[in-house]
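If you're matching positions, the sequence shown starts at 1 in UniProt numbering and goes up one per residue.
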Amino acid sequence: MRCQQPDASTSGRDLLHQGCSSARRSSRRNAARVACAGQKEVTLLDYGAGNVRSVRNAILKLGYTLREVSSPKDIMGAEKLIFPGVGAFEQAMGVLRSKEYTEPLREYIQAGKPFLGICLGMQLLFEGSEENGGVEGLGIIPGRVTKFDTSLGLPVPHIGWNTLEQRRESQLLSRVGDRRVYFVHSYRATPSPENNDWVLATTEYGGSFISAVHKGEISATQFHPEKSGSAGLDIIESFLEAPEEPRSAYTNGHMKGLAKRVIACLDVRANDAGDLVVTKGDQYDVRDTDGAGREVRNLGAPVELAGRYFTEGADEVTFLNITGFRDFPLGDLPMLEVLRRASEGVFVPLTVGGGIRGFTDAEGKQYSALDVAAEYFRSGADKVSIGSDAVDAAQEYMRTGQKTGKTAIEQISWAYGAQAVVVSIDPRRVFVADPASTQRPTIRTEHPGPNGEQYCWWQCTVKGGREGRDIDAVELARAVEALGAGEILLNCIDKDGQGDGFDLELVRAVSDAVTIPVIASSGAGSPEHFKEVFDNTGAAAALAAGIFHRKEVSIEEVKAHMSESGIPTRTS
Ligand code: 1PR
Numbered sequence: 001m002r003c004q005q006p007d008a009s010t011s012g013r014d015l016l017h018q019g020c021s022s023a024r025r026s027s028r029r030n031a032a033r034v035a036c037a038g039q040k041e042v043t044l045l046d047y048g049a050g051n052v053r054s055v056r057n058a059i060l061k062l063g064y065t066l067r068e069v070s071s072p073k074d075i076m077g078a079e080k081l082i083f084p085g086v087g088a089f090e091q092a093m094g095v096l097r098s099k100e101y102t103e104p105l106r107e108y109i110q111a112g113k114p115f116l117g118i119c120l121g122m123q124l125l126f127e128g129s130e131e132n133g134g135v136e137g138l139g140i141i142p143g144r145v146t147k148f149d150t151s152l153g154l155p156v157p158h159i160g161w162n163t164l165e166q167r168r169e170s171q172l173l174s175r176v177g178d179r180r181v182y183f184v185h186s187y188r189a190t191p192s193p194e195n196n197d198w199v200l201a202t203t204e205y206g207g208s209f210i211s212a213v214h215k216g217e218i219s220a221t222q223f224h225p226e227k228s229g230s231a232g233l234d235i236i237e238s239f240l241e242a243p244e245e246p247r248s249a250y251t252n253g254h255m256k257g258l259a260k261r262v263i264a265c266l267d268v269r270a271n272d273a274g275d276l277v278v279t280k281g282d283q284y285d286v287r288d289t290d291g292a293g294r295e296v297r298n299l300g301a302p303v304e305l306a307g308r309y310f311t312e313g314a315d316e317v318t319f320l321n322i323t324g325f326r327d328f329p330l331g332d333l334p335m336l337e338v339l340r341r342a343s344e345g346v347f348v349p350l351t352v353g354g355g356i357r358g359f360t361d362a363e364g365k366q367y368s369a370l371d372v373a374a375e376y377f378r379s380g381a382d383k384v385s386i387g388s389d390a391v392d393a394a395q396e397y398m399r400t401g402q403k404t405g406k407t408a409i410e411q412i413s414w415a416y417g418a419q420a421v422v423v424s425i426d427p428r429r430v431f432v433a434d435p436a437s438t439q440r441p442t443i444r445t446e447h448p449g450p451n452g453e454q455y456c457w458w459q460c461t462v463k464g465g466r467e468g469r470d471i472d473a474v475e476l477a478r479a480v481e482a483l484g485a486g487e488i489l490l491n492c493i494d495k496d497g498q499g500d501g502f503d504l505e506l507v508r509a510v511s512d513a514v515t516i517p518v519i520a521s522s523g524a525g526s527p528e529h530f531k532e533v534f535d536n537t538g539a540a541a542a543l544a545a546g547i548f549h550r551k552e553v554s555i556e557e558v559k560a561h562m563s564e565s566g567i568p569t570r571t572s
């Protein structure tokens, strides 16, 4: 068993410092202070399927030491075990079996020792799942895990910040109050008379599903406490240690349900001096137009900006390595380091995009898109965003009607689940006078073209808008959904950096065409633009860059405006 002390590395030292100083500031963090003295330890069951870095970082931030399971006997030896399940059900059960963890895990839980399962770590406790065509689980909790019903018109995966309906009181959720927590999953277990004694909380999403279970010392959550900001850190701390002051019973806020997400986006690239900077374009041109040098705009350092957006209440942070299409991403160590450092202090989901595709390096060694994605997940990403490669895959799929199982989308989705695969679309509006003049699907637009054209379509591009392809954004969205993408990041080159609002026609066309969540991007200039896009389209989230970087509008202002307008939003 490997033991990781919070002061074992420079970053660990920072975390120790943060953990201890926060403990000193708050009486309810006394437990953490004890842990800083090295007396408390948590065992983490990481079977290597994805990003558990945030769980690790959260434990360290709370001032606890960390042990990692490296053999079956470490499980029974644990005092408190956290099991963050990642990936698909079949994969996870397969790894548990091959490492001979299944029986010790069952024994540990049946012995009633302190256990916290997270996401798939909760689902695996059930009898089985219909994911991957039907797989047996650990059989601790009665019931089977099934897929959300897509016929209800709700986007699936269920991604974002939703409320908890607590069925009874328990220490685990005693400090959550009406704060939302972060979910990302396509499958769920539902309450039944057989599992009623396990159900601690349920959540509504096209019906009620189990969001937390609890019995004796065994707890598990369908949501990700490690990605749920301060509410999530409180939950993990409640599991680790009894709170000193009993908290009042929960109250659910007046606006229940899945919140519309506000995402801060950081376009990252090296400037001419070679420093990695957050930049921002106008219609994808990131160089200043004034001044002879046309330098890459420098709007800040990636890790610091990500930290600022977490503190200000961003529901997610997205990093786009905008020159990733040129370089070999695993050679792009600074970007991996950005993720590692950002994930130490940012406890909301992190997405990374740019260069997610297969590569052959200078020595002829081949790396699959899955290898590249795996490295990003290990470094702290929760989702990867695929741009150019998704266009190639979608065109090929539309041409042949066949799934090869070899595309980046399919491979990553299979290994990590659809929710980990975002497809970023970079479309540009093409006006046509007559729909018959193009094979692409058109809409009649309320904003006619320069020559009075009444119709348009949105041409997908690759390499950061440098090359146009003969595929429309709606066609691409449908194709990548079929290939296994779990979410669409819908940019718009015409609107990028313009500050005059999202392209509502584009967002409506794409969000109406798919069942997966769509993130509207490009053009936000005011809080009203967020209200506009949520009121008029099926967008599940809205992303902005320039207005946040330049501090023209704060995330708080956006959320306050959404809240006043009756749009469900996470405000704490
Ligand atoms: O093709 O898989 O390597 O991915 C490249 C990724 O980099 C894609 O996600 C692509 O969108 C992004 N990208 C490439 N070039 C640029 C560029 O700006 N020159 N950025 C670029 C795209 C769009 C959003 C932006 C919103 C909001 N930027 O990230 O943040 O438009 O901006 P606003 O709120 O200021 O209007 P691959």
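Note that the Cβ used here is the ideal one computed from N, Cα and C, for glycine as well.
Next on the checklist: With the cut-off set at 8 angstroms, would you say residue 181 and residue 232 are in Cβ contact?
Outcome noted: yes
Next on the checklist: Could you tell me the alpha carbon to alpha carbon distance between residue 516 and residue 150, rounded to whole angstroms?
Outcome noted: 9 angstroms
Next on the checklist: For ligand 1, is there any heavy atom lying closer than 7 angstroms to the beta carbon of residue 521?
Outcome noted: yes
Next on the checklist: Am I right that residue 154 and residue 214 are in contact with their C-beta atoms under 8 angstroms? What's the rounded C-beta distance?
Outcome noted: That pair is no contact at about 27 angstroms.
Checklist entry - So which of 405, 499, 488 has the shortest CA-CA distance to residue 510? => result 488
Checklist entry - Just the Cα atoms here: how many angstroms apart are residue 414 and residue 257? => result 29 angstroms
Item to check | beta strand (DSSP E) runs wholly inside the region 266–345, at least 3 long, in chain order | outcome: 276–279, 316–321
Item to check | Candidates 513, 83, 346: closest to residue 102 by CA position | outcome: 83
Checklist entry - Taking C-beta to C-beta, are residue 559 and residue 262 nearer than 8 angstroms? => result yes
Checklist entry - Does the distance from the CB of residue 201 to the CB of residue 125 come in under 8 angstroms? => result no
Checklist entry - Sorry if obvious, but does the Cβ on residue 491 come closer than 7 angstroms to a heavy atom of ligand 1? => result yes
Item to check | the region 424–438 in contact with the region 202–209 per 3-pair CB rule at 8 angstroms | outcome: no
Next on the checklist: Quick check on DSSP: helix, strand or coil for residue 527?
Outcome noted: helix
Checklist entry - Among the residues of its own chain, which have a CB less than 8 angstroms from the CB of residue 325, if the five just before and after it don't count? => result 354, 355, 387, 388, 462, 463, 464
Item to check | Length-filtered (3 minimum) beta strand (DSSP E) runs lying within the region 392–461 | outcome: 421–425, 427–432
Checklist entry - In this structure, does DSSP put residue 556 in helix, strand or coil? => result helix
Item to check | Contact belief for residue 348 with residue 314 at Cβ below 8 angstroms, rounded distance in angstroms | outcome: 6 angstroms
Next on the checklist: For ligand 1, is there any heavy atom lying closer than 7 angstroms to the beta carbon of residue 421?
Outcome noted: no
Checklist entry - Whose C-beta lies closer than 6 angstroms to the C-beta of residue 536 among residues of the same chain, with five residues either side of it excluded? => result 504
Next on the checklist: Using only CA atoms, which one of 297, 46, 267 lies nearest to residue 96?
Outcome noted: 46
Checklist entry - Short check: CB of residue 391 to CB of residue 476, under 8 angstroms? => result yes
Checklist entry - How about residue 265: is its Cβ closer than 7 angstroms to a heavy atom in ligand 1? => result yes
Checklist entry - When the Cα atoms are used, what is the spatial distance from residue 32 to residue 229? => result Interpretation of residue 32 is limited by its pLDDT of 35, a score under 50 that renders its predicted location unreliable; no figure is taken from the coordinates.
Checklist entry - What is the C-beta distance between residue 269 and residue 321, in whole angstroms, given that I count them as a contact (C-beta under 8 angstroms)? => result 7 angstroms
Next on the checklist: Using 8 angstroms as the cut-off, can you tell me whether the region 66–86 makes contact with the region 104–122, which would need three or more C-beta pairs spanning the two stretches below that distance?
Outcome noted: yes
Checklist entry - Do residue 373 and ligand 1 come close, with the Cβ less than 7 angstroms from some heavy atom? => result no
Item to check | Environment of residue 427 [buried if 16+ CB atoms lie within 10 Å] | outcome: buried
Checklist entry - Can you tell me whether DSSP reads residue 493 as helix, strand or coil? => result coil
Checklist entry - Is it true that the region 375–382 meets the region 337–348, where meeting means three or more beta-carbon pairs spaced less than 8 angstroms apart? => result yes
Checklist entry - Once you ignore the five residues that flank residue 383 on each side, which residues in its own chain have a CB closer than 6 angstroms to its CB? => result 351, 420, 422
Checklist entry - Which of helix, strand or coil does DSSP assign to residue 239? => result helix
Checklist entry - Alpha carbon to alpha carbon, how far is residue 41 from residue 362? => result 44 angstroms
Checklist entry - Got a sec? Which residues, its chain only, sit under 8 angstroms from residue 310 by beta carbon, not counting five neighbours each side? => result 229, 317, 345, 346, 347, 348
Item to check | CA nearest to the CA of residue 62, picked from 237, 197, 520 | outcome: 237
Item to check | Beta-carbon contacts of residue 21 that lie in its chain and below 7 angstroms, excluding the five residues immediately before and after | outcome: Residue confidence is low: residue 21 scores 32 on pLDDT, short of 50, so the model does not pin down where it sits. Its coordinate-derived value is still stated next. There are no such residues.
Item to check | Rounded Cβ spacing between residue 429 and residue 496 (contact assumed at less than 8 angstroms) | outcome: Incorrect: roughly 12 angstroms between the Cβ atoms, too far for contact.
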